[in-house]
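Peer 1:
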Amino acid sequence: MTKTQPSIPILMAEDDDGDRFFARKAAEKNAIPNPLVVVQNGEELLDYLHGRGKFDQGRASTAPPCFILLDLNMPRMDGREALRLVKSDERFKKIPVVILTTSKAEEDIANCYQMGANSYITKPVDFDGLVEVFRSLKAYWLETVDLPIP
Amino acid sequence: MPTVNENCPILMAEDDQDDLLLVKKAIEKNKIPNPLVAVADGEQMLDYLYRRGRYSRVAAVRPCLILLDLNMPRMDGREALRVLKGDERLKRIPVVILTTSLSPEDLEASYAVGANSYIRKPSSFNELAATIGSLRQYWLEIVQLPPNKGSDDHDR
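Protein sequences, first through last, are from chains U and Z.
Counting in the numbering used here, the final residue of the first sequence is number 205, and the numbers go up one at a time with none missing.
Counting in the numbering used here, the final residue of the second sequence is number 157, and the numbers go up one at a time with none missing.
(1) Quick one: Cα of Z:N31 to Cα of Z:D19, how far?
(2) Exposed or buried, which one is U:N89 when buried takes at least 16 other CB atoms within 10 Å?
(3) Step through the CB atoms of chain U and report whether any lies within less than 7 Å of the CB of Z:P3.
(4) Is the separation between the beta-carbon of U:E161 and that of Z:P148 shorter than 7 Å?
(5) Given that a residue counts as buried once 16 or more other Cβ atoms are within 10 Å of its Cβ, and exposed if not, what is U:K149?
(6) Taking the beta carbon of Z:P44 as the centre, do at least 16 other beta carbons fall within 10 Å, making it buried, or is it exposed?
(7) Using the rule of at least 16 other Cβ atoms within 10 Å of the residue's Cβ for burial, across every protein chain shown, is U:D183 buried or exposed?
(8) Does DSSP put Z:M46 in a helix, in a strand, or in coil?
(9) Do you know offhand how far U:R146's Cα is from Z:I98's?
(10) Taking a contact to mean a Cβ-Cβ separation below 7 Å, would you say Z:A41 touches Z:D16 in this structure?
(11) Nearest to U:N85 by alpha carbon, out of U:G108, U:E198 and U:S174?
(12) Only counting the same chain, and skipping five residues up and downstream in sequence, which positions put a Cβ closer than 7 Å to that of U:T57?
(13) Is the distance from the Cβ of U:T156 to the Cβ of U:D181 below 7 Å?
(14) Please confirm whether Z:D107 has its beta-carbon closer than 7 Å to some beta-carbon of chain U.
(15) Enumerate in chain order the residues of its own chain whose CB-to-CB distance from Z:A110 is below 8 Å, with the five nearest sequence positions on each side excluded.
(16) Thinking just about the alpha-carbon of each residue, which of Z:E89, Z:Y112, Z:D70 and Z:M76 is nearest to the one in Z:S102?
(17) Look at the alpha carbon of U:Y175 and the alpha carbon of Z:P74, and state the distance between them as a whole number of angstroms.
(18) What does the alpha-carbon distance come out to for the pair Z:A116 and Z:L12?
(19) Output needed for U:N96: all residues of its chain with C-beta closer than 6 Å, excluding positions within five of it in sequence on either side, in chain order.
(20) Locate the beta strand (DSSP E) running through U:V188, then write down its first and last residues.
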């Protein structure tokens with residue numbers, strides 16, 4: 056039983072279209088009820104949060120996400136920069152950010168936590184592993200933890 | 002799945018002895034191998050992390066996870082969290098708030114200050130055991146914890 060309203064979106068930034076596809080499939084396999092909003096880089100992530108650029112819907116603002124899944128290596132604005140901006144903005148800093156990246160570099164792990172990432176997960180190489188990660192994300196962030204409701 | 006991060010201590014700050022006992026039982030029930038270091042308030046927690054006061058002569062090993070109650074005497078969890086997340090040497094340690102508080106302000110403020118997660122303590126033991134099980138699975142099996150080396154030198 057999820058603790059969070061199923062209408063609240065999960066925001067994901069992932070530049071690789073194959074990985075985007077697999078992420079959606081992994082979320083579906085776990086019957087995650089929340090809509091997965093996927094953007095392609097850090098700039099789009101910020102645009103979504105601010106409700107600007109391609110996410111400017113006039114009077115209606117974008118639905119704030121219950122948490123963010125953030126890849127690190129993306130063009131235009133990478134995850135590290137996006138993380139820094141999200142966690143230094145009074146409006147967005149309380150949104151949990153889970154880094155989801157292929158990088159296993161200790162430096163990346165240390166720096167992301169240092170910059171305020173709520174957790175860091177290394178993307179598994181296979182689809183079954185990814186399904187397991189999404190199962191954990193659902194069990195932890197949607198069913199165990201209390202989220203700052205936007 | 003075996004626990005990957007099993008040697009690093011879990012630091013728990015909780016002033017209520019009954020609640021502490023329940024969490025210990027829940028930890029045992031989930032067969033969490035990590036040593037548990039229990040402190041009774043925010044001051045003691047910082048003493049442990051800074052290796053001062055009663056911990057000045059102990060080789061206090063940096064915890065990989067902190068479970069932090071909010072309502073404690075002397076220094077409460079809100080203040081301790083601010084100190085922790087404001088310290089460059091300590092802010093990377095994941096902190097899970099584990100509290101009876103139902104206040105939405107506490108929830109929002111904790112995340113805003115940098116708490117990694119916030120959990121309202123469930124009322125039944127079985128639910129608590131399930132919560133601790135979920136914490137184990139997430140933090141000790143799935144997540145990459147911050148590396149423990151480098152800025153460990155916090156002699157004060």
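Glycine included, each C-beta is placed from N, C-alpha and C at the ideal position.
Peer 2: Answer, in terms of the structure:
(1) The count along the second sequence starts at 1 and reaches residue 31 of chain Z at position 30. The count along the second sequence starts at 1 and reaches residue 19 of chain Z at position 18. The alpha-carbon atoms of Z:N31 and Z:D19 are separated by roughly 18 Å.
(2) The residue you call residue 89 of chain U lines up with position 34 of the first sequence. Buried.
(3) Here residue 3 of chain Z corresponds to residue number 2 of the second sequence, with the count starting at 1. Note that Z:P3 has pLDDT 46, beneath the 50 cutoff, so the model's placement of it is unreliable and the number below is only indicative. Chain U, which has no Cβ nearer than 7 Å to the Cβ of Z:P3, makes this no.
(4) Position 106 of the first sequence, counting from 1, holds the residue named residue 161 of chain U. Position 147 of the second sequence, counting from 1, holds the residue named residue 148 of chain Z. Closer than 7 Å, so yes.
(5) Sequence index remark: in the first sequence, residue 149 of chain U carries index 94 (1-based). Classification for U:K149: buried.
(6) For the purposes of this step, residue 44 of chain Z is taken as residue 43 along the second sequence, with counting starting at 1. Checking the sequence, you will find Glu at residue 44 of chain Z rather than Pro. So Z:E44 ends up on the buried side.
(7) Along the first sequence, read from residue 1 onward, the residue named residue 183 of chain U stands at position 128. Exposed, since its Cβ has fewer than 16 Cβ neighbours within 10 Å.
(8) Taking the first residue of the second sequence as position 1, residue 46 of chain Z is located at position 45. The answer is helix: DSSP assigns Z:M46 an H, G or I state.
(9) For this step, residue 146 of chain U is matched to residue 91 along the first sequence. For this step, residue 98 of chain Z is matched to residue 97 along the second sequence. If you take the alpha carbons of U:R146 and Z:I98, they lie about 21 Å apart.
(10) On the second sequence, residue 41 of chain Z is found 40 positions in, with the first residue counted as 1. On the second sequence, residue 16 of chain Z is found 15 positions in, with the first residue counted as 1. For Z:A41 and Z:D16, yes; Cβs fall inside 7 Å.
(11) Here residue 85 of chain U corresponds to residue number 30 of the first sequence, with the count starting at 1. It is U:E198 whose Cα lies nearest to the Cα of U:N85.
(12) Locating residue 57 of chain U in the first sequence gives position 2, counting from the first residue. If we look at U:T57 and ignore the five residues flanking it on each side, its Cβ neighbours are P88, L197 and E198.
(13) In the first sequence, counting from the first residue as 1, residue 156 of chain U sits at position 101. In the first sequence, counting from the first residue as 1, residue 181 of chain U sits at position 126. No, they are not a contact pair.
(14) For this step, residue 107 of chain Z is matched to residue 106 along the second sequence. Chain U, which has no Cβ nearer than 7 Å to the Cβ of Z:D107, makes this no.
(15) As a working mapping, residue 110 of chain Z is identified with position 109 in the second sequence. Within the same chain, Z:A110 has close Cβ partners R79.
(16) Here residue 102 of chain Z refers to the residue found at position 101 of the second sequence. Per the Cα distances, Z:D70.
(17) Taking the first sequence and counting its residues from 1, the one referred to as residue 175 of chain U is at position 120. Taking the second sequence and counting its residues from 1, the one referred to as residue 74 of chain Z is at position 73. Between U:Y175 and Z:P74, the C-alpha separation is close to 33 Å.
(18) The count along the second sequence starts at 1 and reaches residue 116 of chain Z at position 115. The count along the second sequence starts at 1 and reaches residue 12 of chain Z at position 11. Each residue's alpha carbon lies about 15 Å from the other.
(19) Here residue 96 of chain U corresponds to residue number 41 of the first sequence, with the count starting at 1. Once the five neighbours on either side are set aside, the close Cβ partners of U:N96 are D70, M129, P130, R131 and M132.
(20) In the first sequence, the residue the question calls residue 188 of chain U occupies position 133. Per DSSP, U:V188 belongs to no beta strand (DSSP E); it is in the alpha helix (DSSP H), F182 to L192.
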